[in-house]
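To keep things clear, I will list the structure first and then write my remarks on it.
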Amino acid sequence: MNSLSNADFSSDDNVKDPNFQPNNHIISSDSEDDVQPVVNAAQFNISSQPRPSCVESQSYNTLSHPSSINSQPSSIDSQPYVEAHPLSRKRKAYPESWKRNRTKALRNCGKAYTTMSKSKKVIPAKEMGPVCSDSCKLKCSDKFSFEERLTVFNNYWQSGDLNLQRQFIYNNMIKIEPKYRYIRVESTRQNFNHAYNLPQNNKRIRVCKVFFMNTLAISDKTIRTVVKRNSGPTGIQMQDNRGKHGKQLRLDAALKAGAKMHINSVARIESHYCRARSKREYIEGNLSIAALHRDYVDKCKAEGQNYLSYKLYYNIFVNDFNISFWHPKKDQCEDCTAFANAEDKTLFQEKYDLHQKEKSLVRAEKENDKKNISDNFLVCVYDLQSVMPCPRGEVSSFFYISKLNVLNFTITELGTNNTKCFVWHEGAGARGVNEIGSCVLMYLKNLNEKASCDFDIVFYSDNCCGQQKNKFMLAMYQYAINELPKLRSITHKFLIKGHTQNEGDAAHSLIQRNISSALKSSPIYVPDQYITLIKTAKKKGTPFVVHELTHDSFFDLKSLADGNYTTTEDGQKLKWADIKVIKVHRDYKKKFFFKTSYDTEEFTAVATLSKKKTNTILVPKKLYKHKLNVSETKKQGILKLIEKNIIPKYYQSFYENL
Numbered sequence: 001m002n003s004l005s006n007a008d009f010s011s012d013d014n015v016k017d018p019n020f021q022p023n024n025h026i027i028s029s030d031s032e033d034d035v036q037p038v039v040n041a042a043q044f045n046i047s048s049q050p051r052p053s054c055v056e057s058q059s060y061n062t063l064s065h066p067s068s069i070n071s072q073p074s075s076i077d078s079q080p081y082v083e084a085h086p087l088s089r090k091r092k093a094y095p096e097s098w099k100r101n102r103t104k105a106l107r108n109c110g111k112a113y114t115t116m117s118k119s120k121k122v123i124p125a126k127e128m129g130p131v132c133s134d135s136c137k138l139k140c141s142d143k144f145s146f147e148e149r150l151t152v153f154n155n156y157w158q159s160g161d162l163n164l165q166r167q168f169i170y171n172n173m174i175k176i177e178p179k180y181r182y183i184r185v186e187s188t189r190q191n192f193n194h195a196y197n198l199p200q201n202n203k204r205i206r207v208c209k210v211f212f213m214n215t216l217a218i219s220d221k222t223i224r225t226v227v228k229r230n231s232g233p234t235g236i237q238m239q240d241n242r243g244k245h246g247k248q249l250r251l252d253a254a255l256k257a258g259a260k261m262h263i264n265s266v267a268r269i270e271s272h273y274c275r276a277r278s279k280r281e282y283i284e285g286n287l288s289i290a291a292l293h294r295d296y297v298d299k300c301k302a303e304g305q306n307y308l309s310y311k312l313y314y315n316i317f318v319n320d321f322n323i324s325f326w327h328p329k330k331d332q333c334e335d336c337t338a339f340a341n342a343e344d345k346t347l348f349q350e351k352y353d354l355h356q357k358e359k360s361l362v363r364a365e366k367e368n369d370k371k372n373i374s375d376n377f378l379v380c381v382y383d384l385q386s387v388m389p390c391p392r393g394e395v396s397s398f399f400y401i402s403k404l405n406v407l408n409f410t411i412t413e414l415g416t417n418n419t420k421c422f423v424w425h426e427g428a429g430a431r432g433v434n435e436i437g438s439c440v441l442m443y444l445k446n447l448n449e450k451a452s453c454d455f456d457i458v459f460y461s462d463n464c465c466g467q468q469k470n471k472f473m474l475a476m477y478q479y480a481i482n483e484l485p486k487l488r489s490i491t492h493k494f495l496i497k498g499h500t501q502n503e504g505d506a507a508h509s510l511i512q513r514n515i516s517s518a519l520k521s522s523p524i525y526v527p528d529q530y531i532t533l534i535k536t537a538k539k540k541g542t543p544f545v546v547h548e549l550t551h552d553s554f555f556d557l558k559s560l561a562d563g564n565y566t567t568t569e570d571g572q573k574l575k576w577a578d579i580k581v582i583k584v585h586r587d588y589k590k591k592f593f594f595k596t597s598y599d600t601e602e603f604t605a606v607a608t609l610s611k612k613k614t615n616t617i618l619v620p621k622k623l624y625k626h627k628l629n630v631s632e633t634k635k636q637g638i639l640k641l642i643e644k645n646i647i648p649k650y651y652q653s654f655y656e657n658l
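Take the sequence shown: its position 145, counted from the start at 1, is 145 in the UniProt record's numbering, and no numbers get skipped.
Next comes the structure, spelled out in structure tokens:
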């Protein structure tokens with residue numbers, strides 16, 4: 001029985017695309033415009049072979065498996081495959097990698113495979129059959145050598161396309177009417193026969209049916225199927241339309257639109273780190289698709305509407321949206337991950353070794369700095385904590401409004417482990433270099449006031465270019481050196497990307513734990529409640545000191561960066577991405593120094609102010625003249641919760657005045 005025509009299954013294309021419409025490739029039509037060119041031997045790359053000697057032509061029976069497509073019958077699980085698509089944004093289906101379709105591909109190529117039935121029957125690979133008998137009137141065995149037959153056989157099966165294979169069979173069949181025949185009344189037998197040909201030297205050579213079938217390793221049923229599927233006078237084979245009847249169940253457009261509307265109603269939150277062009281959106285991590293579907297079902301039931309099943313809702317969520325559930329997590333190092341996943345690690349070895357070396361050096365340098373801590377030498381780490389949304393609670397209504405973002409910038413002093421927290425919300429400021437730099441400047445002014453002697457300070461932080469690794473933060477350091485008499489020098493050392501874990505993370509963890517614990521008993525309605533939770537987060541030792549900031553607290557630091565921050569004194573171009581350390585010193589007020597590796601001792605100098613320019617001390621102006629506008633959608637969403645008494649009316653005045 002031919003496995004090509006007697007298939008156990010056929011993959012339904014609507015699995016991949018519910019709106020699938022079959023194309024017109026090799027589909028018959030009554031119109032001449034739809035006629036496809038006839039597939040000939042050249043399309044199978046069937047080339048001519050030199051005619052062998054008589055001894056060579058008789059060697060067929062002495063070869064074990066010269067004509068086998070695959071001499072090792074095996075399960076589909078042992079067949080390697082290469083994924084043709086890159087990793088996708090979401091969990092998309094790739095039907096070509098499914099076991100059922102991989103089995104079908106093996107079968108269409110004539111290779112060994114294991115059936116999908118319960119018996120798991122192993123079907124051996126196709127092998128070219130013997131020639132016809134010596135009594136054949138056409139003497140087919142004299143027309144084709146073994147190598148020529150094998151070429152036809154291999155090219156037929158290597159196509160792996162059932163439609164092309166059927167087209168090849170049909171193109172090499174010629175319908176003939178017998179000269180003499182008996183006619184029976186009401187007979188179902190066909191009134192014509194077929195002559196069979198095989199390609200040789202770009203010609204069609206007449207052969208008998210047995211020779212034709214054995215050369216291609218097909219059965220009589222395959223030929224009957226091809227004849228049956230012939231569409232008529234055009235001689236074009238119809239495409240295999242199994243699973244393409246177009247009567248698949250369709251998802252109601254109104255129901256799909258309702259599910260999308262519900263997903264769009266879920267409030268998005270901002271990620272702690274977010275690329276400028278990122279299209280990914282985030283919703284609160286304590287939600288799940290199952291929880292969203294339950295709310296969706298409850299809403300539809302309350303409104304007396306039909307609703308989608310969880311599976312359909314899930315498919316819409318992962319395929320039609322680019323949404324992730326936000327969870328605080330440690331940074332993953334791209335360089336280390338790339339090296340770990342590389343098959344040929346020698347390509348990444350040099351870069352990886354340098355990366356590991358810099359990581360070890362900066363950690364050793366931080367430990368050395370900690371040993372030298374004194375009254376006149378301070379070491380600190382600073383970082384911006386993950387966004388804290390407000391209001392916040394376990395009631396489902398909180399999940400469907402946009403929330404006010406509350407920000408907490410922390411500076412942790414190593415040695416004493418004292419932490420200073422600077423807290424504001426988005427109605428008071430953003431989270432750029434002006435806000436971060438203003439917090440650092442406030443901290444330095446406070447140190448200068450309390451210091452009994454001149455002091456040096458070392459900062460450690462991550463490499464966020466929008467917040468601290470830029471010329472504006474450096475300009476603020478230069479301003480502080482000029483304005484604060486007891487501040488002798490500032491050194492900023494950047495931790496290696498992907499390995500920015502530091503002592504400040506412990507403070508963030510304590511705060512987050514205290515918030516999570518508080519949410520179990522009561523929602524958080526206003527930012528002031530976050531401030532209380534931050535103050536009480538540290539149970540032992542010195543509590544966190546919290547500075548509550550308003551729009552008046554921030555300065556425009558970008559106006560300070562008036563000078564050269566791109567070219568060294570040697571005329572070399574400065575690449576901020578490569579910088580590992582920057583330093584400013586009050587003895588060199590017109591310069592700053594930097595290093596691009598922790599393995600070097602010497603700094604490179606950059607003159608920020610030319611000799612021709614007067615050393616005018618710039619004074620930063622206030623960044624904001626009034627409160628920042630909060631989006632009307634966000635504001636009205638919160639006020640609606642107050643109207644429903646989900647948020648106590650006690651907090652109404654705060655949100656109305658945003």
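The beta carbon of each residue, even a glycine, is placed where N, CA and C say it ideally should be.
Burial state of residue i, where buried means 16 or more other Cβ atoms lie within 10 Å
{"i": "R431", "result": "buried"}
{"i": "L261", "result": "In the sequence as presented, Leu is not what sits at residue 261; that position holds Met. Label assigned to M261: exposed."}
{"i": "D383", "result": "buried"}
{"i": "A561", "result": "buried"}
{"i": "V606", "result": "buried"}
{"i": "A112", "result": "buried"}
{"i": "E334", "result": "exposed"}
{"i": "A364", "result": "exposed"}
{"i": "E303", "result": "exposed"}
{"i": "V619", "result": "exposed"}
{"i": "residue 706", "result": "Past the boundaries of the shown model lies residue 706; the chain is included only from 1 to 658, so the question cannot be answered."}
{"i": "P199", "result": "buried"}
{"i": "L216", "result": "buried"}
{"i": "residue 661", "result": "The structure shown has nothing for residue 661, since the chain only spans 1 to 658."}
Inter-residue spacing [alpha-carbon to alpha-carbon] between residue i and residue j
{"i": "A507", "j": "V546", "result": "12 Å"}
{"i": "W98", "j": "K104", "result": "10 Å"}
{"i": "C136", "j": "M116", "result": "40 Å"}
{"i": "N412", "j": "A451", "result": "Checking the sequence shown, residue 412 turns out to be Thr, not Asn. Answer to the nearest angstrom: the Cα atoms are 17 Å apart."}
{"i": "T222", "j": "F211", "result": "15 Å"}
{"i": "Y170", "j": "V185", "result": "29 Å"}
{"i": "K634", "j": "L628", "result": "13 Å"}
{"i": "V423", "j": "P485", "result": "27 Å"}
{"i": "D578", "j": "I283", "result": "34 Å"}
{"i": "K539", "j": "D320", "result": "46 Å"}
{"i": "E449", "j": "A259", "result": "59 Å"}
{"i": "D13", "j": "A93", "result": "Note that D13 scores 40 on pLDDT, short of 50, meaning its location in the model is unreliable; the coordinates nonetheless yield the value given after this. Going by the C-alpha atoms only, they are around 12 Å apart."}
{"i": "K443", "j": "A480", "result": "Looking at the sequence provided, one finds Tyr at residue 443 rather than Lys. Each residue's Cα considered, the two are about 11 Å apart."}
{"i": "R229", "j": "G129", "result": "26 Å"}
{"i": "L354", "j": "R513", "result": "37 Å"}
{"i": "S374", "j": "N470", "result": "29 Å"}
{"i": "I174", "j": "E147", "result": "25 Å"}
{"i": "G541", "j": "E367", "result": "22 Å"}
{"i": "N322", "j": "R250", "result": "23 Å"}
Sub-8 Å separation of residue i and residue j beta-carbons
{"i": "D240", "j": "L162", "result": "yes"}
{"i": "F409", "j": "C390", "result": "no"}
{"i": "L407", "j": "V379", "result": "no"}
{"i": "F554", "j": "N463", "result": "no"}
{"i": "K621", "j": "D552", "result": "no"}
{"i": "W157", "j": "K179", "result": "no"}
Identified DSSP bridge partners for residue i
{"i": "C380", "result": "E413 and F459"}
{"i": "S489", "result": "D456 and H585"}
{"i": "Q200", "result": "K203"}
{"i": "V226", "result": "Answer by DSSP bridge pairing: none, since V226 is not bridged."}
{"i": "S324", "result": "Y282"}
{"i": "V122", "result": "T114"}
{"i": "S374", "result": "F377"}
{"i": "M388", "result": "V406"}
{"i": "I174", "result": "A195"}
{"i": "W424", "result": "L407"}
{"i": "N418", "result": "E413"}
Cβ of residue i within 8 Å of any chain D Cβ
{"i": "L216", "result": "The structure shown contains no chain D; it is built from a single protein chain."}
Same chain, Cβ closer than 6 Å to residue i, five either side skipped, listed in chain order
{"i": "L510", "result": "A537 and K538"}
8 Å CB neighbourhood of residue i in its chain, flanking five on each side removed
{"i": "A290", "result": "Y310"}
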